[in-house]
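Notes follow once the structure below has been shown.
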Amino acid sequence: MGDTARRAGAGPNLSAPGAERELLDTARWAAEHAPSVWNTRPWTLEADRGRISLRIDLRRRLPVADPALRESVLSCGAALLTIRITLLAGGWRPEVSRLPDPDRPGLLADVSVAGTAEPGDLERALFSAVEHRHTHRGPFENGVEDRGLLQDLSAAARTEGARLRTVTEPTLVRSLAGLVGAAEYLHRHERDRGEEIARWTRESGDRTALGVPAQDFPPADDAPNRLFPGRDFGGGRVRGRMRVSGTSDGTVALLSTPGDTRADWLAAGEALQRVLLTAAHGGVSAAFHPQPLEEPLLRGFIGERLGLADGGHAQMLLRLGRPGASAPASRRRAA
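According to my numbering, the sequence shown holds residues 17 to 351 in order.
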């Protein structure tokens, strides 16, 4: 990232030589730190006349796990929020046009620089968390006991038009865990899905930028009795290298949106990343469990029968907590 984005309140000068390149580099730096499904980073960024265009990259789609592209669009939404926060922290006021062209559904957003803006404490705090946010795949030392932080997380989701509901009732927590377990069981026995996961799983030491490396997930036999099973990235082929620390499932939460269109998926990604950056600033990480949301019947059951989507549509199931000090940071990764 260039010095402009680091220097709060510097403001843009798009007529200066190289300014547009700096703007694009800043956006790309931000996007690199956004979470994405299986770390596919399914987006492309282009800059023209001070405008950044965010498009979905269909070359990185997951046809088995994500045939409707819901999780891919959600990932792009997380990148969009990260770009917005980074520009604000650099003294640039972003103006966003979401889904600007119905004839080009792959164009998810145009981000223009609408002038200068002195970043406030919130923008500085969220920007400082961009590099420190990481996805956690395992148990936590403890959940989120700070009620003030939980309120801040809910407020962060509302800011982007979504709802974050904390699930504390033991019966509902066990029900969700059961649905995660059922979906994960089904997925582990689907050959096509297993082959797709294998294409995005990396051996320890693999320097490929995309995909989930072995050091980012624990061995499958390290926590056989976990209430919320994680996705089996290793699949008997790659042994996870992440050390498991802690015994808590953390605090369970569900992110939902009023609708279920591509616009809602994009907003869900923006809301999710604002929640994650707010959590990271408070020393909290997130573990993702989208498995039941990838099964239409189970997704509907969560929203309709359990009523956890509050009349809306479930977009992400997650656990929040404080990982152990020995757990390695897994940056720029998502479920």
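We put the beta carbon where it would ideally sit given N, CA and C, even for glycine. Values in this document were obtained by computation on a predicted structure and should not be read as measured data.
Using the Cα positions of residue i and residue j, report the straight-line distance between them to the nearest angstrom.
i: proline 121; j: threonine 132; result: 30 Å
i: proline 79; j: proline 51; result: 19 Å
i: glycine 340; j: glycine 251; result: 25 Å
i: threonine 175; j: arginine 218; result: 36 Å
i: arginine 100; j: alanine 47; result: 10 Å
i: cysteine 92; j: threonine 60; result: 9 Å
i: alanine 26; j: glutamine 289; result: Interpretation of alanine 26 is limited by its pLDDT of 44, a score under 50 that renders its predicted location unreliable; no figure is taken from the coordinates.
i: glutamine 331; j: glycine 106; result: 30 Å
i: isoleucine 68; j: aspartate 117; result: 15 Å
i: valine 196; j: proline 245; result: 7 Å
i: alanine 84; j: arginine 153; result: 25 Å
i: glutamate 147; j: serine 88; result: 21 Å
i: tryptophan 108; j: glutamate 211; result: 43 Å
i: alanine 269; j: serine 220; result: 31 Å
i: leucine 293; j: alanine 173; result: 11 Å
i: glutamine 231; j: arginine 278; result: 33 Å
i: valine 53; j: alanine 94; result: 11 Å
i: glutamate 185; j: proline 312; result: 24 Å
i: alanine 198; j: leucine 74; result: 29 Å
i: alanine 284; j: proline 274; result: 10 Å
i: aspartate 162; j: glycine 136; result: 24 Å
i: alanine 21; j: histidine 205; result: Here the model assigns alanine 21 a pLDDT of 44, short of 50, so the residue's position is not dependable, and the following value carries that caveat. The straight-line gap from Cα to Cα measures roughly 46 Å.
i: methionine 171; j: histidine 49; result: According to the sequence displayed, residue 171 carries alanine and not methionine. Distance between the alpha carbons of alanine 171 and histidine 49: 22 Å.
i: aspartate 119; j: glutamate 38; result: 30 Å
i: glutamate 200; j: aspartate 222; result: 26 Å
i: alanine 295; j: alanine 141; result: 11 Å
Would the beta-carbon of residue i fall within 9 Å of that of residue j?
i: arginine 190; j: alanine 325; result: no
i: leucine 10; j: phenylalanine 304; result: Residue 10 falls outside the range modelled here, since the chain spans only 17 to 351, and no answer is possible.
i: glutamate 286; j: leucine 115; result: no
i: alanine 81; j: glutamate 310; result: yes
i: valine 260; j: proline 229; result: no
i: alanine 193; j: aspartate 265; result: yes
i: threonine 267; j: glycine 164; result: no
i: arginine 338; j: serine 301; result: yes
i: leucine 169; j: leucine 336; result: yes
i: glutamate 139; j: glycine 262; result: no
Kindly list the residues whose CB is nearer than 6 Å to the CB of residue i, restricted to its own chain and excluding five residues on each side of it in sequence; keep chain order.
i: arginine 347; result: Because the pLDDT at arginine 347 is just 45, under 50, the model does not fix this residue reliably, and the value given afterwards should be weighed accordingly. His150, listed in sequence order.
i: phenylalanine 125; result: The question names phenylalanine, yet the displayed sequence has alanine at residue 125. Counting only Cβ-Cβ distances below 6 Å, and skipping sequence neighbours, we find Leu70, Leu96, Val112 and Arg114.
i: isoleucine 318; result: Leu324 and Ala330
i: glycine 256; result: Ala230, Phe233, Pro234, Pro235 and Gly250
i: leucine 123; result: Arg71 and Asp117
Hey, could you find the ends of the alpha helix (DSSP H) residue i is sitting in?
i: tryptophan 281; result: 278–297
i: histidine 203; result: 186–204
i: aspartate 41; result: 35–48
i: phenylalanine 304; result: No alpha helix (DSSP H) holds phenylalanine 304; the beta strand (DSSP E) holding it covers 301–304.
i: serine 69; result: From DSSP, serine 69 is part of no alpha helix (DSSP H) but of the beta strand (DSSP E) over 67–72.
i: aspartate 166; result: Rather than aspartate, the amino acid found at residue 166 in this sequence is leucine. It spans 163–175 - the alpha helix (DSSP H) in which leucine 166 sits, taken as one unbroken run.
i: serine 144; result: 137–146
i: serine 128; result: Counting along the chain, serine 128 falls outside any alpha helix (DSSP H), though it belongs to the beta strand (DSSP E) covering 123–132.
Please list, in chain order, all residues of the same chain as residue i whose beta carbon is under 7 Å from its beta carbon, the five residues on each side excluded.
i: leucine 322; result: Leu188 and Ser191
i: histidine 203; result: Arg209 and Gln307
i: alanine 214; result: Gly251 and Arg253
i: proline 155; result: Ala239, Arg242, Val260, Gly262, Thr263, Ser264 and Asp265
i: leucine 40; result: Leu61, Ala63 and Ile68
i: phenylalanine 143; result: Ile101, Thr102 and Ala105
Thinking C-alpha only, which one of the options is nearest residue i?
i: glycine 328; options: Ala287, Ala171 and Ala178; result: Ala178
i: leucine 104; options: Gln231, Thr42, Arg153 and Leu271; result: Thr42
i: glutamine 167; options: Gly298, Arg253, Arg207 and Thr224; result: Gly298
i: leucine 90; options: Arg57, Arg75 and Thr102; result: Arg57
i: methionine 258; options: Leu142, Ala236, Glu200 and Leu74; result: Ala236
i: asparagine 55; options: Arg76, Arg140 and Leu39; result: Arg76
i: glutamate 320; options: Thr102, Ser272 and Pro110; result: Ser272
i: aspartate 280; options: Arg86, Leu40 and His49; result: Arg86
i: arginine 315; options: Arg207, Asp276 and Ala295; result: Asp276
i: alanine 130; options: Val291, Pro110 and Thr224; result: Pro110
i: valine 127; options: Thr102, Ala145 and Arg207; result: Thr102
Could you tell me whether any non-hydrogen atom of the ligand NAD is closer than 8 Å to the CB of residue i?
i: leucine 334; result: With respect to the ligand NAD, the structure shown offers nothing to examine, as it has no ligands at all.
Taking the continuous beta strand (DSSP E) assigned at residue i, which residues delimit it?
i: leucine 333; result: 329–337
i: proline 110; result: 108–114
i: leucine 270; result: 267–273
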